[in-house]
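Below: the structure, in structure tokens.
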Ligand code: 21W
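In our numbering, the protein residues as written are 295 to 532.
In structure tokens:
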């Protein structure tokens, strides 16, 4: 039978950073159900240097260190990835190499959905000032998670993996909840309430107690729209 699961290779100098996030919660369930297979590769393993060096000083001078190309290249190749734009009958079978980088496209739900179509993602996490530019010949796409400065690509990689994993069929229990999510249909979520009916003198909106499911559905749509218009008008205009 054809492979159905998604494989994600993570290429990093800090493999231990992934332990918690990948063994807890939703992603571990995806791994247990064999929907997702995650493999972590430590770049240091591919260093031929006697001190297992993976970084070096930048040509031209300046602050910080740059990740050396050779161990990074060998780590990428070890996943089966090759040069970009390789010929594949089914493009989604190509190992798709992503570099988490402040220079990348900002992650959004469209990008997440597109990435979820691939059968094999290879995620390169940079550290220090970044990677040797010649490695870009092996990168299909650069992805940022937003306009703020972090210390490296590991946390962004976890954000990307989490968002892609929950798009895979069978990961989230109620497929509905993926469809209804903020951004999925382009709107923010409606407000949620649970028991008790009165909490610190604040009541649950009466309509939610009415049992009239058509009215409740209309109310939720209206609330979602109201919130979006007030807080994120940009989502309505484009
Ligand atoms: C941050 C590396 C800033 C280099 C000009 C020259 C991956 C990230 C990262 C990092 C610099 C992502 C400078 C959101 C992020 C990441 C580490 C540049 C100063 N400017 N998404 N030198 N934010 N960050 N250093 O930081 O690797 S995805």
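A virtual CB, placed ideally from N, CA and C, is assigned to each residue, including glycine.
Counting only runs of 4+ residues, the alpha helix (DSSP H) found wholly inside the stretch 419–487 occupies 448–459, 469–474, in chain order. For the pair of segments examined, the stretch 392–404 was found to touch the stretch 424–435: the number of CB pairs separated by less than 8 Å reaches three.
Annotation for residue 307 indicates a beta carbon at 8 Å or more from all heavy atoms of ligand 1. In the assembly as shown, residue 297 is an exposed residue. Its beta-carbon has fewer than 16 other beta-carbons within 10 Å. Look at residue 399 here: in three-state DSSP terms it is strand. For a cut-off of 8 Å, the C-beta gap from residue 332 to residue 302 is around 5 Å, short enough to register as a contact. Annotation for residue 523: 530 place their beta carbon closer than 7 Å to its own, counting only its chain and skipping 5 residues before and after.
Here the C-alpha atom of residue 521 lies approximately 12 Å from the C-alpha atom of residue 513.
Residue 452 sits away from residue 330, with the two beta carbons spaced by 9 Å or more.
Following the DSSP letters along the chain, one finds residue 330 inside the beta strand (DSSP E) bounded by residues 330–336. DSSP places residue 303 inside the beta strand (DSSP E), whose first and last residues are 300–306. Residue 497 is bridged by DSSP to 492.
Counting only heavy atoms of ligand 1, the residues whose C-beta sits closer than 6 Å to one of them are, along the chain, 394, 395, 396, 420, 423, 424, 438, 439, 440, 442, 443, 444, 445, 446, 447, 450.
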